[in-house]
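Chain order of the listed sequences is A and B.
Each number in the numbering used here corresponds to the 1-based position in the first sequence with 1197 added.
Each number in the numbering used here corresponds to the 1-based position in the second sequence with 56 added.
Data block below; observations after.
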Amino acid sequence: MGVKIKSMKYEDFEDNETLELFKQSGGNILFTTIDNIVNWGRSNSVWPLTFATSCCGIEMMATGAARHDFARFGIEVYRASPRQADVIVVAGTIVPKMAPVLKRLYDQMPDPKYVIAMGACAISGGPFVNSYSIVKGVDKIIPVDVYVPGCPPRPEALLYGVMQLQRKIKTESMFNKKDK
Amino acid sequence: MAEEIIIPEADNQEISINMGPQHPSTHGVLRLVLSLKGEMVQKVEPHCGYIHRGIEKMTESMTYQQIIHLTDRLDYLSAHMNNAAVCLAVEKALDIEVPERVKVIRTIMDELARIASHQLWWCSFGMDLGGLTCFFYGLRDREKILDIFEETTGSRLIQSFYCPGGLMADLNPNFQKKVKDFIVYFRKILPEYDELLSGNIIMMERAKGIGKMSKEDAISYGMTGPSGRGSGFSCDVRKHHPYHAYDKVKFNEVLRTEGDTYSRYMVRIDEMRESMNIIEQLIDNIPAGDFAVKMKPIIKLPEGEYYQRVEAARGEFGVYIISKGEKNPYRMKFRSPNFCNLSALDTLTRGHKIADLVAIGGSLDYVIPDIDR
């Protein structure tokens, strides 16, 4: 048997076959594909951009801090420059004046890049949906990979969203790139 | 013969660069257009509106109970105080006297929020100066307050706990014990903050004598809160115009006269101590009784103008309501402390280096959604 985690079935793990092979070989030889090894590396070193517009940013900081500790999942360092970031967590409201800046930030990030829409404002406009000055969801500007609902979402919710993103990254293929 | 120093023309030129809207030390989406001569800041021009969400206009189509939830999202670190401003304004207009229990609980909650806010400020101020340790220490202790909030109010950051006439819910049975535990814990921890940052020679070098603001200038810019009190401007609304139960507790208004970044820093550190004193005086004497006055489901304020101010974590937060007797306000204006504090940034930073601009900005502790509304 492969790895055991409470509340997660054996079938839920995607790499069971690899683990069985790994056990059979005595732990010295690892069979894998390029996609697997690349995705493993990518999904466990997703570096976010320091980008926060409002309240959700504080919860994002709390997720990175002592108790919740982002770094356990490889979401290690906040990068201040989009050129070094892999994921942009849109934490907070985006208004029309900010929208071109966000688009430019996204364009400046190197591929592969991902977007997490954190909080009600980033998903749909949230409590400000009736306002005259609001972008009703960041998916109108940039493609979103994971939506994390809440106003603001708890750090646990963001961690779950990040893990969902990692699952998504693990399904990618280097050679047959799908259009986003 | 003394050698003539030739300054190349490029060094003497004034260049203007953008800082923000995406910059880690502007604490959000503030855009500053700097005019620089070499590394010296000649002029700072803040550009607002990158998070203007039209809250003031939205309030005109909402009832007073609904408005509470929007005020949280102005200055999310002092959500309780912002709620209190609207609640107190509505209560004043309707001439409602809330029970003593409500007043005391509101005072405790406000002070807890103030401590949590100053802890987060301490984290980010340390980070602005390059000390990442502060970030982990400060947020570790902040989580304890958030636990207390979560148990009683059901939410960590944005609580919307107050409503016109009282509170949304009664206290959790664990509340008193948890708050007392926290005070004991934090009294022990606060000297650690001092050891780590307040007495740090690098921090002192970067903060002392940087960004001086005289008392007269602070008053004319309308700087309030710890930023104003760091310049010796006695502006504590809790002291001068007591609301809640502040007239029943003894506390000192923290004042410093140096007016530099370091004095603004120390005011906030000392305020955390004062907040703990206030909580200690009240936590054992929470009166029994109702947690809210029964209100009509639709509140209609009588025609007129109402203003209420409270002391938020960053300064004086005011709510100005014009009512025409409807269930919605005719016009609602928020006086946000950060906007006035930001206006002083140009005077504070003129002639300093860019790195000092970051330190001064950190000591002003602005929250951008509060500036843009």
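Glycine residues also receive a C-beta, built at the ideal position from the N, C-alpha and C atoms.
| Query | Result |
| --- | --- |
| Do A/GLY1271 and A/VAL1235 have their C-beta atoms within less than 9 Å of each other? | no |
| Can you tell me where the alpha helix (DSSP H) with B/TYR193 in it begins and where it stops? | 188-209 |
| Taking the beta carbon of B/GLN78 as the centre, do at least 16 other beta carbons fall within 10 Å, making it buried, or is it exposed? | buried |
| By DSSP's criteria, B/GLY381 is part of a beta bridge. Which residues make up the other side? | Its beta-bridge partners do not exist; DSSP assigns none. |
| Mapping the DSSP letters down to three states, classify B/ARG387 as helix, strand or coil. | strand |
| Do B/ARG285 and B/ASP131 have their beta-carbon atoms positioned less than 9 Å apart in this structure? | no |
| Around the C-beta of A/ILE1231, are 16 or more other C-beta atoms found within 10 angstroms, so that it is buried, or is it exposed? | exposed |
| Which partner residues of B/ASP374 appear in the DSSP bridge assignment? | According to the sequence shown, residue 374 of chain B is Gly rather than Asp. Per DSSP, B/ARG365, B/ARG391. |
| List the residues of chain B that A/TYR1357 touches, going by C-beta distances under 7 Å, in chain order. | Correct list: empty, because the minimum Cβ distance to chain B is about 16 Å. |
| Three-state secondary structure (DSSP) at B/HIS408? | coil |
| Quick check on the DSSP output: what are the complete alpha helix (DSSP H) runs of length 4 or more inside the region 283-310 of chain B, in order along the chain? | 293-296 |
| Closest by CA to B/TYR249, which one among B/ALA415, B/GLU272, B/TYR321? | B/TYR321 |
| What three-state label does DSSP hand B/TYR422 in the structure shown? | coil |
| Under a Cβ-count criterion, where at least 16 other Cβ atoms within 10 Å of its own Cβ denotes burial, should A/GLU1256 be classed as buried or exposed? | buried |
| Which term fits A/THR1247, buried or exposed, when burial requires 16 or more other beta carbons within 10 angstroms of its beta carbon? | buried |
| From the beta carbon of A/PRO1349, is the nearest beta carbon of chain B less than 9 Å away? | yes |
| Count Cβ pairs between the region 191-199 of chain B and the region 260-275 of chain B that sit closer than 8 Å; are there 3 or more? | no |
| Would you call A/PRO1340 buried or exposed, if buried means 16 or more other Cβ atoms sit within 10 Å of its Cβ? | exposed |
| Residue ranges of each beta strand (DSSP E) run of no fewer than 3 residues wholly in the region 209-246 of chain B, ordered along the chain? | none |
| Between the region 179-199 of chain B and the region 90-110 of chain B, do three or more beta carbon pairs fall short of 8 Å? | no |
| Can you grab the Cα-Cα spacing for the pair A/MET1198 / A/GLU1211, in whole Å? | At A/MET1198, the pLDDT of 48 sits below 50, so the modelled position is not reliable; the number obtained from the coordinates is stated separately. In a straight line, the C-alpha of A/MET1198 is about 13 Å away from that of A/GLU1211. |
| Could you list which residues in chain A have their beta carbon closer than 7 Å to that of B/PRO80, in chain order? | THR1247, ALA1277 |
| Taking Cβ positions only, does B/SER91 come closer than 9 Å to chain A? | no |
| Against B/PHE191, what residues of chain A qualify as contacts under a CB-to-CB distance less than 7 Å, listed in chain order? | ALA1262 |
| Residues in the same chain with beta-carbon distance under 7 Å from B/THR313, minus the five sequence neighbours each way, listed in chain order, please. | GLY288 |
| Would the region 1348-1359 of chain A count as touching the region 206-214 of chain B if we require 3 or more Cβ pairs under 8 Å? | yes |
| Since A/VAL1292 and A/SER1330 should fall inside the 8 Å C-beta cutoff, what is the C-beta to C-beta distance between them, to a whole number of angstroms? | 5 Å |
| Please report whether the beta-carbon of A/VAL1392 lies at a distance below 9 Å from any beta-carbon of chain B. | The structure shown does not extend to residue 1392 of chain A, since chain A is modelled only from 1198 to 1377, so the question has no answer here. |
| Mind listing the chain A neighbours of B/VAL85? Cutoff is C-beta to C-beta under 7 Å, in chain order. | THR1250, MET1295 |
| Rounding to the nearest angstrom, what Cα-Cα distance links A/ASP1266 and A/THR1260 in this structure? | 6 Å |
| Taking the alpha carbon of B/VAL366 as the reference point, which residue from B/PRO343, B/LYS268, B/ILE152, B/ARG294 has its own alpha carbon closest? | B/ARG294 |
| Leaving out the 5 sequence neighbours to the left and right, which residues in its chain are closer than 6 Å to B/ARG387 when beta-carbon positions are compared? | ILE378 |
| When the Cβ atoms of the region 1284-1298 of chain A are set against those of the region 1306-1315 of chain A, are three or more pairs found closer than 8 Å? | yes |
| Below 8 Å CB to CB, which residues in the same chain sit around B/ILE204 once its five sequence neighbours on both sides are set aside? | LEU168, PHE231, LYS234, VAL235, PHE238 |
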